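Peer 1:
Numbering (the numbering used here), first residue to last: -3 to 228.
1) Tell me the start and end of each unbroken beta strand (DSSP E) in the region 62 to 101 that is at least 3 residues and wholly inside, in chain order.
2) With contact counted as at least three CB pairs below 8 angstroms, one residue from each stretch, are the region 52 to 59 and the region 72 to 92 in contact?
3) Round the Cβ separation of residue 108 and residue 45 to the nearest angstrom and send it over; I've been treating them as touching at under 8 angstroms.
4) Just the C-alpha distance for residue 17 and residue 25, rounded to the nearest angstrom, thanks.
5) Determine the burial state of residue 115: buried for a count of at least 16 other Cβ atoms within 10 Å of its Cβ, exposed for fewer.
6) Compute the Euclidean distance between the alpha carbons of residue 135 and residue 193, then round it to the nearest angstrom.
7) Buried or exposed, going by whether 16 or more other CB atoms sit within 10 Å of the CB of residue 101?
8) From the DSSP output, in three-state form, read off residue 122 for me.
9) Among the residues of its own chain, which have a CB less than 7 angstroms from the CB of residue 20, if the five just before and after it don't count?
10) From residue 123 to residue 36, what distance separates their C-alpha atoms?
11) Start and end of the beta strand (DSSP E) containing residue 174?
12) Would you list the one or two residues that DSSP bridges to residue 47?
13) In the DSSP assignment, find the unbroken alpha helix (DSSP H) run with residue 194 in it and report its ends.
14) Considering Cα atoms alone, identify which of 43, 164, 170 is closest to residue 110.
15) Tell me which residues share the same chain as residue 71 and place their Cβ nearer than 6 angstroms to its Cβ, disregarding the 5 neighbours each side in the sequence.
16) Considering Cα atoms alone, identify which of 206, 168, 159 is closest to residue 144.
17) Counting beta carbon pairs with one atom in the region 2 to 14 and one in the region 155 to 174, are three or more of them shorter than 8 angstroms?
18) Taking only three categories from DSSP, how would you classify residue 214?
As structure tokens, this is what we get:
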């Protein structure tokens, strides 16, 4: 999933960003309602997680504005206000779910995944939860990767890297694209961290198979494709 967390509490936001990334998901963060609104309008997110009490633009007003702009991205509202009337206001403002604080992250994760599945079903985007390139398959919801039926265990960052490559199968993915969408620009563009992770991923995906799938395009980036012998 690709998520946007709109939360002004830095400690809470850092915890959520870290937890979702460790679960294998791509996460952006905004610290106030106006920044969050701008990102939500421009970004292609699976789910928005919005704190109700935000500076500059409160959470309910933010959600109403998105709905007025016909932006239907699922929204989960977080709030310390957990009475029935509070939850009803959140849902009527355009929220798809409402989770009172305090909460367990496992429940937040489960609710977020449910919203993402509903979005996929509503838009008919079967590729949003599963990708296949040749005999390589990736399931975003179960975090399971197999090649020729053999399960491949990946670390969260490796999973995100493979997911991004498979989402753009057959296309050259540049280092800048990977830094932005997989590492969120947490590293200097001149670092070799991408090369190291691609090398590790290639070892897991291609080792033991005759035809490699992950290729380096010199001076450009990387591409994943099913290189199978052509019929004569």
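The beta-carbon is built from N, C-alpha and C at its ideal position, and this holds for glycine as well.
Bear in mind the structure is a predicted one, so any value in this text is a computation, not a measurement.
Peer 2: Concretely, from the data shown:
1) Listed in chain order, the complete beta strand (DSSP E) runs (minimum 3 residues) inside the region 62 to 101 are 71 to 75, 93 to 96.
2) The way I'd put it, the region 52 to 59 does touch the region 72 to 92; three or more beta-carbon pairs between them come closer than 8 angstroms.
3) Reading the chain shown from its first residue, position 112 is the one you call residue 108. Reading the chain shown from its first residue, position 49 is the one you call residue 45. Correct: roughly 7 angstroms between the Cβ atoms.
4) Numbered from 1 along the chain shown, position 21 holds the residue referred to as residue 17. Numbered from 1 along the chain shown, position 29 holds the residue referred to as residue 25. Between the alpha carbons of residue 17 and residue 25 lies a gap of roughly 12 angstroms.
5) In the chain shown, residue 115 corresponds to position 119, counting from 1. Result: buried.
6) Counting from one through the chain shown, the residue named residue 135 turns up at place 139. Counting from one through the chain shown, the residue named residue 193 turns up at place 197. A direct Cα-Cα distance of roughly 20 angstroms separates residue 135 from residue 193.
7) As a working note, residue 101 is residue 105 in the chain shown. Answer is exposed; the Cβ neighbour count stays below 16.
8) By one-based count along the chain shown, residue 122 stands at place 126. Low local confidence applies: a pLDDT of 45 at residue 122 is under 50, so the model's placement there is unreliable, with the coordinate-based value given in what follows. In the three-state reduction of the DSSP assignment, residue 122 falls in the helix class.
9) Here residue 20 refers to the residue found at position 24 when the chain shown is read from its first residue. Excluding residues within five positions, the ones whose Cβ falls inside 7 angstroms are 139, 152, 155, 156.
10) If you number the chain shown from 1, residue 123 lands on position 127. If you number the chain shown from 1, residue 36 lands on position 40. Low confidence applies to residue 123: its pLDDT is 46, below 50, so where it sits in the model is not reliable, and the reading given next is rough at best. Distance between residue 123 and residue 36, taken at the CA atoms: about 21 angstroms.
11) What you label residue 174 is simply residue 178 of the chain shown in a count that begins at 1. Unbroken run through residue 174 is the alpha helix (DSSP H), 171 to 177; no beta strand (DSSP E).
12) By 1-based counting over the chain shown, the position of residue 47 is 51. According to DSSP, residue 47 bridges with 74.
13) Position 198 of the chain shown holds residue 194. Segment 189 to 202, the alpha helix (DSSP H) holding residue 194.
14) As a position in the chain shown, residue 110 is number 114, starting the count at 1. Comparing Cα positions, the closest option is 43.
15) One-based indexing of the chain shown puts residue 71 at position 75. If the five residues before and after residue 71 are omitted, its C-beta is found closer than 6 angstroms to the C-beta atoms of 44, 46, 59, 91, 92, all from its own chain and listed in chain order.
16) Working through the chain shown from its first residue, we reach residue 144 at position 148. Comparing alpha carbon positions, the residue from 206, 168, 159 closest to residue 144 is 206.
17) Taking one beta carbon from each stretch, the region 155 to 174 and the region 2 to 14 have fewer than 3 pairs nearer than 8 angstroms; the two do not touch.
18) In the chain shown, counting from the first residue as 1, residue 214 sits at position 218. In the structure shown, residue 214 falls within a coil segment according to DSSP collapsed to helix, strand and coil.
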